[in-house]
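2 protein chains.
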Amino acid sequence: MTRVLIADDHPLFRNALKLALDACVDSADVLEAEDLDQTRRLLADLDDIDLLLLDLHMPGSNGLTGLAGIRCEFPAVAVVVISANEDPAVIRRALDHGAAGFIPKSSGLEVLTEAVTAVLDCRTWVPPHLHQTVAALEAGDRDLAARIARLTPQQFRVLQMVADGRLNKQIADRLGIQERTVKAHMSEIFAKLEVRNRTQAGIAFRRLELVDPSSISR
Amino acid sequence: MTRVLIADDHPLFRNALKLALDACVDSADVLEAEDLDQTRRLLADLDDIDLLLLDLHMPGSNGLTGLAGIRCEFPAVAVVVISANEDPAVIRRALDHGAAGFIPKSSGLEVLTEAVTAVLDCRTWVPPHLHQTVAALEAGDRDLAARIARLTPQQFRVLQMVADGRLNKQIADRLGIQERTVKAHMSEIFAKLEVRNRTQAGIAFRRLELVDPSSISR
DNA sequence: GTGCACGTTGGACTTTGGTACAAGGGGACC
DNA sequence: GGTCCCCTTGTACCAAAGTCCAACGTGCAC
């Protein structure tokens, strides 16, 4: 049986996706989440999810940050990115970060069905009218993606807090571990990201964001 | 006599702006620059420039970073921002950072003339069809702008390098000063930006950027 | 079973970062 | 001339960051 998790804060769109899934898979087990935390919890609790349909602009998913985090923590799960934004550069970056496909929110039911079918068949899928454009773009994030993908889940969490300007001690407290351990993770993170200090690590991490830096402001 | 500096990497557009200036000012002294470094040099060498027409996407001007830098170093110069991007949120942010006006690159000659006339008359100017929209936006960057505007020119330079992940020692070398001095600047910067460490300062500074963080990548 | 990746911690250490307090020179402004 | 801001440097000190070494338990895969 195919088990799919739909992660989108828009109930109506979740329904549309469910219809598409019913149309192309018999006896699909469909789960839903409306923010990134819930998504992560479900992925962790149920270890047999085959496919994740992930909205890039869902609460908690900060541009590509959410995607990259999921890819670090659950590398075995295929992820299809969903977004209202159809910018080819964004699609390119999502694919670079390991997305198995990209579905615009404006898609009709047939397109959704086609896309889901393709991905469940282990083929990547992007909108046909953008296929050429996206393919022509040189890999925007491939090196960044490759570096970040090397991080372990815990290292990713540490990096996220570093990119928030937190101290090692604060990170240790929040994760319930010793500051030494945080430092050990930091050394690993620097090596994997090929940077020399936490400021550069934070900068690299924040490249995952998509929108104007100000709108995240506070 | 009115002295104006046009900072835009597009020669054709510089010409259009010159025409507009000729049409509304008699005996205008028009200078040109095609990147931010040259702009800064001209502003520093000639201290009697009344108006700067600044392209947001000129080489070196990294989103609002260039504008903020100019405002720190030459607070007396009126700056009108020019951009192909007409996003009201960007216009709002530019005004928050002290721009005296905003001119879309798509403007015709009459509009350019009108805008320049208004600004030389010490009135702020934005495209009439966007005026309401921009005014309705709550101040996006006003607090950030207020904090950054307090920085002295040297502090701004230091912060810029911090946001690049450089060490205090490296910053000191590049500025030809002692590391102690850099530290003194850092303490000032933290106080003015209301942050507690360099990572947070770097984050705050990078909010000035406008585009997807990845495209600055390397 | 044997490896391997992951997360964890330990000790000992060096390097950076950051604060507090004080002060002098130079330029701008009144 | 006096005042204020900017930039600079100094001393002294403490906190945070980061490195190099090594180790142990767990769970997973071959």
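Chains as they are written, first to last, in my numbering: chain L, 1 to 218; chain G, 1001 to 1218.
For each residue, glycine too, the CB sits at the ideal point set by N, CA and C.
key: Per-residue DSSP class, three states only, for Leu1051 (chain G)   = Indexing the second sequence from 1 puts residue 1051 (chain G) at position 51. Of the three classes helix, strand and coil, the one that applies to Leu1051 (chain G) here is strand, per DSSP.
query = Are any of the Cβ atoms in chain L nearer than 8 Å to that of Thr1199 (chain G)?
reply = Taking the first residue of the second sequence as position 1, residue 1199 (chain G) is located at position 199. Closer than 8 Å to some Cβ of chain L, the Cβ of Thr1199 (chain G) qualifies, so yes.
query = So, are the CB atoms of Thr133 (chain L) and Ala23 (chain L) less than 8 Å apart?
reply = As a position in the first sequence, residue 133 (chain L) is number 133, starting the count at 1. As a position in the first sequence, residue 23 (chain L) is number 23, starting the count at 1. For Thr133 (chain L) and Ala23 (chain L), no; Cβs fall outside 8 Å.
request  = Kindly say whether Ile98 (chain L), judged by its beta-carbon, lies nearer than 8 Å to any beta-carbon of chain G.
outcome  = Within the first sequence, the letter at position 98 stands for residue 98 (chain L). According to the sequence displayed, residue 98 (chain L) carries Gly and not Ile. Answer no: the Cβ-Cβ gap between Gly98 (chain L) and chain G never drops below 8 Å.
ask   = Going along the chain, which residues of the segment 1171-1196 of chain G sit with their C-beta nearer than 8 Å to a C-beta in chain L?
value = Val1195, Arg1196
task = Have a look at L:Ile49, L:Asp26, L:Leu36 and flag the residue whose alpha-carbon is nearest the alpha-carbon of Gly63 (chain L).
result = As a first step, residue 63 (chain L) must be located in the first sequence, where it is residue number 63. Of the candidates L:Ile49, L:Asp26, L:Leu36, the one whose C-alpha sits nearest the C-alpha of Gly63 (chain L) is L:Leu36.
message = When you compare the CB of Gly1202 (chain G) with every CB in chain L, is at least one pair closer than 8 Å?
response = Residue 1202 (chain G) sits at position 202 when you count from the first residue of the second sequence. Answer yes: the Cβ-Cβ gap between Gly1202 (chain G) and chain L drops below 8 Å somewhere.
inquiry  = Once DSSP output is grouped into helix, strand and coil, what is the label at Ala84 (chain L)?
reply    = Taking the first sequence and counting its residues from 1, one reaches residue 84 (chain L) at position 84. Three-state DSSP puts Ala84 (chain L) in coil, outside helix and strand.
ask   = What is the rounded straight-line gap between the Cα of Trp1125 (chain G) and the Cα of Arg142 (chain L)?
value = Indexing the second sequence from 1 puts residue 1125 (chain G) at position 125. Indexing the first sequence from 1 puts residue 142 (chain L) at position 142. Cα-Cα distance, rounded: 42 Å.
inquiry  = With three or more C-beta pairs closer than 8 Å as the rule, is the segment 3-12 of chain L touching the segment 40-54 of chain L?
reply    = yes
query = Going along chain L, which residues have a C-beta under 7 Å from Arg1014 (chain G)?
reply = Here residue 1014 (chain G) is taken as the residue at index 14 of the second sequence, counted from 1. Here the premise fails: no neighbours, minimum Cβ distance about 27 Å.
task = Please go through the same chain and pick out, in chain order, the residues whose beta-carbon is closer than 8 Å to the beta-carbon of Ile216 (chain L), but skip the five residues on each side of it.
result = Counting from one through the first sequence, the residue named residue 216 (chain L) turns up at place 216. Low local confidence applies: a pLDDT of 48 at Ile216 (chain L) is under 50, so the model's placement there is unreliable, and no value is given.
query = Touching or not, the segment 1107-1121 of chain G and the segment 1166-1183 of chain G, by the rule of three or more beta carbon pairs under 8 Å?
reply = no
task = Just the C-alpha distance for Leu1056 (chain G) and Phe1013 (chain G), rounded to the nearest angstrom, thanks.
result = Taking the second sequence and counting its residues from 1, one reaches residue 1056 (chain G) at position 56. Taking the second sequence and counting its residues from 1, one reaches residue 1013 (chain G) at position 13. Rounded to whole angstroms, Leu1056 (chain G) to Phe1013 (chain G) spans 13 Å at the Cα level.
query = If you drop the 5 nearest sequence neighbours on each side, which residues of the same chain put their C-beta closer than 8 Å to that of Leu1043 (chain G)?
reply = Numbered from its first residue, the second sequence carries residue 1043 (chain G) at position 43. Excluding residues within five positions, the ones whose Cβ falls inside 8 Å are Leu1005, Ile1049, Leu1052, Ile1070, Glu1073, Phe1074, Val1077.
inquiry  = Below 8 Å on the Cβ atoms is my contact criterion, and I expect Ala145 (chain L) with His185 (chain L) to pass it. Report the Cβ-Cβ distance as a whole number of Å.
reply    = Here residue 145 (chain L) is taken as the residue at index 145 of the first sequence, counted from 1. Here residue 185 (chain L) is taken as the residue at index 185 of the first sequence, counted from 1. Their Cβ separation, rounded to whole angstroms, is 20 Å, which puts Ala145 (chain L) and His185 (chain L) out of contact at 8 Å.
ask   = Do you know offhand how far Arg1198 (chain G)'s Cα is from Gln1154 (chain G)'s?
value = Indexing the second sequence from 1 puts residue 1198 (chain G) at position 198. Indexing the second sequence from 1 puts residue 1154 (chain G) at position 154. If you take the alpha carbons of Arg1198 (chain G) and Gln1154 (chain G), they lie about 16 Å apart.
message = Check whether chain G comes within 8 Å of Gly165 (chain L), counting only Cβ atoms and requiring the distance to be less than that.
response = By one-based count along the first sequence, residue 165 (chain L) stands at place 165. Judged by the 8 Å Cβ criterion, Gly165 (chain L) is in contact with chain G.
query = Hey, out of G:Val1182, G:Leu1167, G:Leu1193, whose CA is closest to Arg196 (chain L)'s CA?
reply = Numbered from 1 along the first sequence, position 196 holds the residue referred to as residue 196 (chain L). Nearest of G:Val1182, G:Leu1167, G:Leu1193 to Arg196 (chain L), Cα basis: G:Leu1167.
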